Structures are given as structure tokens and as C-alpha cells.
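Heads up, the thing below is written out as C-alpha cells.
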Amino acid sequence: MLVNEIAGIFYNYFKDSKCSSLTSPLDIKLQGYAPKFKEDPNVVQPDIMVICDPENVVDDKYQGVPDLLVEVLSPSSRKRDLILKLNLYSKSGVKEYWIINPENKKITQYVFTEDRDIEAVNDLHPDQVLESEYFEGLEIQVDEIFSKIN
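In this note's numbering, the protein residues as written are 2 to 151.
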């Protein structure tokens, strides 16, 4: 449900641009390094990705570096999303990574530098607005994301 809420917001924001949002299942192979993944360490399926180079989608695989990635935490994905994927995404050249935590209704926004380091970490709660650092004007009321869950 949270993925659909965010995907709808992204659809409206990106509908007149060269960028678009895609939802899982869609494999991406990144060039970072996360040695603890049991399968291919650099192939992941983020819940949502924003790409600005659609020509790199071939046969249900994306072969570029997404600009923005979104993951919704679940008990089974928590460690992977918070540690392994954070490292992989930053070292691969992703510009922003949002982690949606339905348990505490919080969104954590990571912004990465061109040198692939963490530039900023923002924890946002339901009374706040999430503003993309990379996509000007992309703003999300945090409480709207969580309005349909208890």
C-alpha cells in the first residue's frame, strides 16, 4: 500500500519529464560492493526507483544507476535495507535513498555526494514535508504517505 501511494505521487511529478518511476519487480545491477548478499551481491529489486535514462531498461532489467531509490522496511528486509543496501546505493552513485518505516511512521532520507559519500541524513515524521534534494519541487507530506495504515 505504501509503495502504491509513493508511486502515485511520483507518477504525477514525473509524467511530463524524461524521468519515470518504476516499481518492483525489476532487477538492477549496481557497481557498488555488498559482500553479504547471498545471491549476486549487486543485483537488487528496490521497491521504487526513479530513472532518467529509460533506454537502459532491457528485458525486465535496468542497467544504469537510478537517481532515487525507495525501500519500505519490513521485518525481513530491515537489516538488508538499512545497512547493506545503504552501502551499495551510496557506492554505486545513487543520488538519494529514502527508507520508509511503517512501524514508526518515519521516512529517512539519505542524500549522497558525487564522491559517493553521505552528504545528509534527514529523519522525517508525519508532521513534516519530505523534499527531494535532487528533484526540485518534489515534495511529499509525510502524513499523506501513512494516512491509509493504522
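Quick reminder that beta carbons are idealized off the backbone N, C-alpha and C, glycines included. All figures in this text were calculated on a predicted structure; none of them were measured in a lab.
Among the options, nearest to residue i - alpha-carbon criterion
i: Leu31; options: Glu140, Gln64, Leu70 and Glu132; result: Gln64
i: Tyr135; options: Cys20, Asn5 and Pro127; result: Cys20
i: Asn88; options: Phe11, Ile119 and Leu139; result: Ile119
i: Asn57; options: Glu72, Asn43 and Leu23; result: Leu23
Cβ-Cβ distance between residue i and residue j below 8 Å
i: Ile101; j: Ile146; result: yes
i: Leu70; j: Tyr98; result: yes
i: Lys92; j: Asp68; result: no
i: Val46; j: Asp28; result: Val is not the amino acid found at residue 46; the sequence shown has Gln there. Result yes, Cβ atoms of Gln46 and Asp28 sit closer than 8 Å.
Boundaries of the alpha helix (DSSP H) in which residue i is found, first to last residue
i: Tyr90; result: Lys86 to Ser93
i: Leu131; result: It is not in any alpha helix (DSSP H) - Leu131 instead sits in the beta strand (DSSP E) that spans Val130 to Glu132.
i: Leu1; result: What the structure shows of the chain is the stretch from 2 to 151, and residue 1 is not part of that stretch, so it cannot be assessed.
Span of the beta strand (DSSP E), counted from its first residue to its last, around residue i
i: Asp124; result: Ile119 to Leu125
i: Asp28; result: Asp28 to Lys30
* Asked: Are there three or more Cβ pairs, one per stretch, closer than 8 Å when the region 103-122 is compared with the region 44-56?
  -> no
* Of all the beta strand (DSSP E) runs that stay within the bounds of the region 37-84, which reach a length of 3 or more residues? -> 49-52 and 69-73
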